[in-house]
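A quick write-up on the structure given underneath.
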Amino acid sequence: MLLKEIRHAFRLLAKNPGFTAIAALSLALGIGANSAIFSLSDALLLRPLPVQDPGEVVTVSTNTPDNPFGGASFPDYRDFRDQSRSFDGLAAYRFYTFGLATSPQVQPQMRMGLLVSDNFFRVLGIQPALGRAFLPEEGKVSGRDAILVLSHDLWQNQFSADRAIIGRTVRLNGIDFTVVGVAPEQFTGLDPFIRPALFVPLAMTQRLADASKDPLEDRTSRALQLKGRLKAGIAREQAQAELMGIAKNLERSYPDTNRDHNVAVRTELQARMQSDPYDSALAIMLMALVGLVLLIACANVANLMLARSRSRSREIAIRLAIGASRTRLIRQLLIESLVLALLGGSLGLGFGYVGIRFLKGIPIPTDLPVVIGVQLDHRVLLFSLFVAIASALAFGLVPAWQAGRTDLVNALKSAGLTSSARRRTVGRNVLVIVQVAFSMVLLVAASMVLDGFRKALVLNPGFRTDHVMSMELDTSFARYTGEKSREFFRNLTDRARALPGVQSVALAQTVPLAPGQSSLNVIPDGYQLLKGQETVTTLGESADEHYFETMQVPVLRGRVFTALDKADTRRVAIVNQAFAEKYWPRQDAIGKRLWLKDRTRPGLEIVGVAKTGRYLFVSEPPMPYVYLPYAQYPNAQMTLFVETTGNPADLAAPLRDVVRSLDANLPIYNARTLSNFYQQRAISIVLLILELISTMGLLGLSLALVGLYGLIAYSVSRRTQEIGIRMAMGARGLDVLGMVLRQGLALSLIGIAIGFVASLGVRRLLAFGLVGLGGTSPAVLVIVPLALILVTMAACYLPARRASLVDPIRALRYE
């Protein structure tokens with residue numbers, strides 16, 4: 002019976018190719034857009050970890066009043082692991098940057114990897130594709146076990162999938178390591194963006210860092226992330242309560258380091274949303290907007306089906322008359338809707354694939370292995386199937402329900418269609434109003450994003466982007482001592498200044514707007530901390546005395562760093578306006594002091610206030626920032642900035658030669674001109690987001706215009722006799738034109754009014770999803786409704802024009 006009804010549905014759709022094509026294309030656009038954005042949201046938020054039984058794995062983090070998603074120290078991890086009874090295992094890991102060389106003669110290449118506890122692979126249920134994982138004894142002695150597990154991707158690409166790789170020696174940061182295993186292909190790490198190239202025991206931390214003290218014995222070093230596998234029958238809340246009890250005991254035992262440190266146990270979804278709220282909010286916002294596109298498409302198809310139901314009213318009445326039940330009739334109509342939705346969904350997968358390819362092309366301006374894992378996999382296919390079925394119900398229920406209410410006697414009379422036709426007309430009017438309202442919301446969203454980004458890009462980012470070449474270096478790859486590292490950077494800057502065409506050279510930890518900005522825990526002088534809060538976290542970096550001149554960062558009050566700010570002189574710092582205004586409002590920041598981490602160390606005197614720039618996002622609100630002098634706070638990982646009068650890209654090769662002349666084994670990464678970086682990081686990503694939201698707005702508008710055009714055309718065809726009578730009684734073509742346009746205008750105005758009210762909520766959604774955006778521009782709320790009125794009137798004009806040219810004699814004969 003079901004197969005018979007499905008075949009019947011296919012025959013009916015084949016007999017109406019115009020209706021089928023328009024309806025399927027409308028659905029395909031809506032479903033395809035949803036599939037592409039779902040793939041992005043899945044990669045950022047929803048996709049399970051690539052481990053055994055991912056639902057059993059939770060994230061454990063330590064929280065303080067100023068950091069709701071903090072890391073753990075190794076001693077704390079060890080206590081949690083040994084004292085808890087809620088887990089089958091608790092593993093620790095942290096990201097670490099390695100300089101990888103396949104032999105001592107080869108220049109190292111930067112690779113992002115993980116330092117992991119010895120039970121990492123066992124807890125996650127990961128079985129190596131080759132070799133073995135780490136053994137319990139290989140995590141007990143600091144610096145003893147120089148072994149590693151390669152990722153499957155690194156094994157294939159750098160070692161040509163050599164199955165004899167086990168036992169081979171490679172160099173990491175100048176230390177010989179032995180390969181003991183290769184991870185399976187499906188294990189791409191635990192982060193949505195970064196795929197680790199290799200895995201090294203945490204016990205090697207001190208040796209890799211060449212530190213005098215073992216960081217794994219420092220309870221203040223909270224760099225570890227924790228994953229636990231819950232025991233069968235243990236709820237997440239039980240595990241959290243147990244760990245909280247352990248944390249309270251640690252607070253009593255170690256009050257100096259563990260005061261006010263709580264514990265949170267989160268699901269993977271909770272962890273991703275809370276650790277990366279900006280990307281999570283963006284994904285949610287895009288899903289909400291693309292959902293509106295699908296609703297507009299469903300309303301459009303429902304409108305088409307309501308129009309089609311008039312031509313089928315006698316067919317339906319006859320089927321009822323010969324004994325068909327109303328339930329079976331409704332089922333048949335819903336099956337037709339489902340078949341149509343599946344056709345649209347199949348076509349939508351093609352649009353979704355195009356959208357996914359587009360998202361894969363998002364530029365990521367870094368040499369790190371950062372990926373956006375959008376893909377057309379089984380999860381996207383299942384989601385598309387679900388959306389297709391939901392769409393069938395959304396656009397098929399109303400026409401099926403109305404058909405099921407058909408009055409048999411009236412339907413068999415040609416003159417008896419008035420009441421059901423009136424119901425259909427009201428339903429179609431409502432659907433068009435909904436389409437226009439949703440289109441208004443989408444267009445306002447797109448316009449607000451355009452307006453917000455336009456304002457952001459017009460503003461100076463706070464640093465120069467022209468005529469500057471930058472490259473990043475990390476002397477820890479070569480195991481430099483602190484003094485040797487400072488000597489290396491001193492020689493590097495001196496030789497870079499000697500290159501032809503170079504105007505100035507500077508050092509700083511990071512490039513503004515680059516991923517991975519560093520942060521500092523500080524105590525501002527005189528600032529009242531919250532109860533339980535020991536420090537405030539702010540963005541900050543080390544920079545040398547030439548940075549502000551080279552990067553054209555204005556210092557508005559006070560002075561820049563000088564050569565007199567040495568390691569053995571008074572500690573100083575420069576803060577930006579946002580920092581000064583937040584922590585010392587209506588006061589002069591010059592001469593104020595702040596402390597790093599705690600007050601046991603020397604305080605830093607504020608000697609300058611710099612102009613607030615952009616540090617994370619081009620559209621961000623003003624954010625506090627602290628600059629520290631490199632001479633007093635040196636770092637192994639630094640960025641070289643070189644200003645030139647010519648094309649900065651021409652300096653890439655000479656600068657590489659300079660680095661090689663100093664140390665041929667030191668890897669160089671993220672070598673780029675600031676103009677190219679800014680184009681990719683700020684402008685290209687901004688344009689990408691704008692294109693996504695604008696495409697949604699245009700899709701929604703196009704579908705709404707098709708629906709409005711169809712409704713007015715249908716209305717004109719139903720009122721042909723009425724129009725003929727009016728014209729026979731003296732109405733002019735212009736009067737008929739105005740009458741039809743007024744009908745379309747009335748529907749548009751109602752939809753625009755509803756959409757206008759709903760658009761006020763878009764401001765919150767945009768502010769939630771896009772940092773620094775979402776301000777309601779009065780111009781946007783005026784221009785968009787006026788533009789929408791004009792285009793909806795244009796959609797109504799063709800059927801209205803056709804109505805004004807009706808021949809009264811023919812119209813009076815029309816049935």
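The sequence shown begins at 2 in this note's numbering and counts up by one. A virtual CB, placed ideally from N, CA and C, is assigned to each residue, including glycine.
{"query": "Rounded separation between Val171 and Ala162 - CA only", "result": "15 Å"}
{"query": "Host alpha helix (DSSP H) of Ser83 (start-end)", "result": "The question names Ser, but residue 83 is Asp in the sequence shown. Here the alpha helix (DSSP H) through Asp83 covers Phe75 to Gln84."}
{"query": "Assigned secondary structure, Val561 (DSSP; H/G/I helix, E/B strand, else coil)", "result": "coil"}
{"query": "Any alpha helix (DSSP H) of 4 or more consecutive residues that is wholly inside the segment 211-267", "result": "237-254 and 256-259"}
{"query": "Burial state of Gln588, where buried means 16 or more other Cβ atoms lie within 10 Å", "result": "exposed"}
{"query": "Integer-rounded CB distance, given that Ile686 should sit under 8 Å from Ile363", "result": "7 Å"}
{"query": "Three or more C-beta pairs below 8 Å linking the segment 245-260 and the segment 106-122", "result": "no"}
{"query": "Helix, strand or coil at Arg802 [DSSP, three-state]", "result": "helix"}
{"query": "Rounded Cβ spacing between Val294 and Gly31 (contact assumed at less than 8 Å)", "result": "5 Å"}
{"query": "Rounded straight-line distance, which links the Cα of Pro202 to that of Pro137", "result": "10 Å"}
{"query": "4 or more residues per run - each alpha helix (DSSP H) lying fully within the segment 9-66", "result": "18-42"}
{"query": "When Leu565, Leu557, Ile331 and Val61 are compared against Ile575, the one with the closest alpha-carbon", "result": "Leu557"}
{"query": "Thr206: CB within 7 Å of a non-hydrogen atom of the ligand NAD", "result": "Looking at this structure, you won't find the ligand NAD or any other ligand, since it has none at all."}
{"query": "Contacting residues, own chain, Cβ-Cβ under 6 Å from Arg498 (five flanking each side not counted)", "result": "Val506"}
{"query": "Sequence ranges, alpha helix (DSSP H) only - wholly within the segment 682-735, length at least 4", "result": "686-719 and 721-729"}
{"query": "Cβ contact (3+ pairs, closer than 8 Å) linking the segment 434-446 and the segment 694-707", "result": "yes"}
{"query": "Proximity to Tyr710 [Cα-Cα], best of Gly541, Tyr97, Cys797 and Ala210", "result": "Cys797"}
{"query": "Candidates Leu305, Arg95 and Lys583: closest to Ile195 by CA position", "result": "Arg95"}
{"query": "Cβ pair Gly33, Gly397 closer than 8 Å", "result": "no"}
{"query": "Beta bridge counterpart(s) of Leu149 as assigned by DSSP", "result": "Val180"}
{"query": "Assigned exposure category for Asn174 - 16 Cβ within 10 Å defines buried", "result": "buried"}
{"query": "Buried versus exposed, by CB contacts within 10 Å (16 or more), Met730", "result": "exposed"}
{"query": "Other residues of its chain near Val763: CB distance less than 7 Å, five sequence neighbours each side excluded", "result": "Val442, Val445, Ala446 and Met449"}
{"query": "CA nearest to the CA of Val785, picked from Ser760, Arg803, Ala795 and Lys532", "result": "Ser760"}
{"query": "Residues that DSSP places opposite Phe99 in a beta bridge", "result": "Arg112"}
{"query": "Rounded separation between Ser74 and Phe642 - CA only", "result": "34 Å"}
{"query": "Phe387 burial status per 10 Å Cβ neighbour count (16 or more: buried)", "result": "exposed"}
{"query": "Of the listed residues Leu675, Asp658, Thr674 and Arg673, nearest to Leu667 (C-alpha basis)", "result": "Asp658"}
{"query": "Buried versus exposed, by CB contacts within 10 Å (16 or more), Pro603", "result": "exposed"}
{"query": "Three-state secondary structure (DSSP) of Gln633", "result": "coil"}
{"query": "Buried versus exposed, by CB contacts within 10 Å (16 or more), Lys593", "result": "buried"}
{"query": "Boundaries (first-last residue) of the beta strand (DSSP E) holding Glu488", "result": "First-last for Glu488: Gly483 to Arg498, but that is the alpha helix (DSSP H), not the beta strand (DSSP E)."}
{"query": "Cβ pair Gly132, Val181 closer than 8 Å", "result": "yes"}
{"query": "Same chain only: Cβ atoms within 6 Å of Leu217, ignoring 5 sequence neighbours per side", "result": "Phe75 and Thr206"}
{"query": "Alpha-carbon spacing of Glu337 relative to Gly356, whole angstroms", "result": "28 Å"}
{"query": "Proximity below 8 Å, CB of Val660 to CB of Leu474", "result": "yes"}
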